[in-house]
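Enquirer:
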Amino acid sequence: MPRPVAPQYLAYVLSFATTGAVWFAHNALSENLAKTDSALMRLNLLLLLFVAFTPFPTRFLAEYITVESSERVAVTIYGLSFLVLTGMVIALWRYAKRAQLVADPDDGETTAYSQRLPIGVLAYVLLIVIGLFAPMVAVFGYLALAVFFMVPMRIGRRESR
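Going by this note's numbering, the sequence shown opens with residue 434, and the numbers climb by one from there.
1) Rounded to whole angstroms, what is the Cα-Cα separation between valine 580 and phenylalanine 486?
2) With respect to the alpha helix (DSSP H) encompassing leucine 482, which residues constitute its N-terminal and C-terminal limits?
3) What does DSSP give as the partner residue(s) for valine 535 in the beta ladder?
4) Give the secondary structure of proline 437 by DSSP, where H, G and I count as helix, E and B as strand, and everything else as coil.
5) List the whole-angstrom C-beta distance separating leucine 476 from alanine 536, where the pair is believed to meet the contact cut-off of C-beta under 8 Å.
6) When the Cα of isoleucine 498 is compared with those of Asp539, Val455, Ala567 and Thr452, which residue comes out closest?
This is the structure in structure tokens:
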């Protein structure tokens, strides 16, 4: 009997949206840099390593989201992998600010960016816990979180350079 494809599409859309949110965060960080250094580039490469890893938890989620005995594990592994990605974006951002690589650390967009990132960490931790009891609720929570991060931080952002 063929496997249903809906879980695979759901996992794909979720992974695409979440990876897109990471891309938006990375783009916002890049737009606010005045300069870069070799340490930031290495941290950036480490972020890319985790982004390149995302097909594995996505496939695991797609395969096991409908398997009663394994869906909690799949949702947890998926959440943990994107929690690590969010942590890497925070590490990049904090390093850039500490190394004085940010063009204007007091800019409103920069401040909003700094305040949004910890929300993602807390939300992922909460959704991972929720996923242990209600896996599909966590999956749609991960999707909502991705959408939250893709919404512009403020209206009237400056144009890309």
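Beta carbons: idealized from backbone N, C-alpha and C, even for Gly.
Since the structure is predicted, the reported quantities are computational estimates derived from the model, not experimental observations.
Expert: By the coordinates alone:
1) 21 Å
2) 471 to 486
3) Beta-bridge partners assigned by DSSP to valine 535: Leu466.
4) Collapsing the DSSP output to three states places proline 437 in coil.
5) That pair is no contact at about 18 Å.
6) Nearest to isoleucine 498 by C-alpha distance, out of Asp539, Val455, Ala567 and Thr452, is Ala567.
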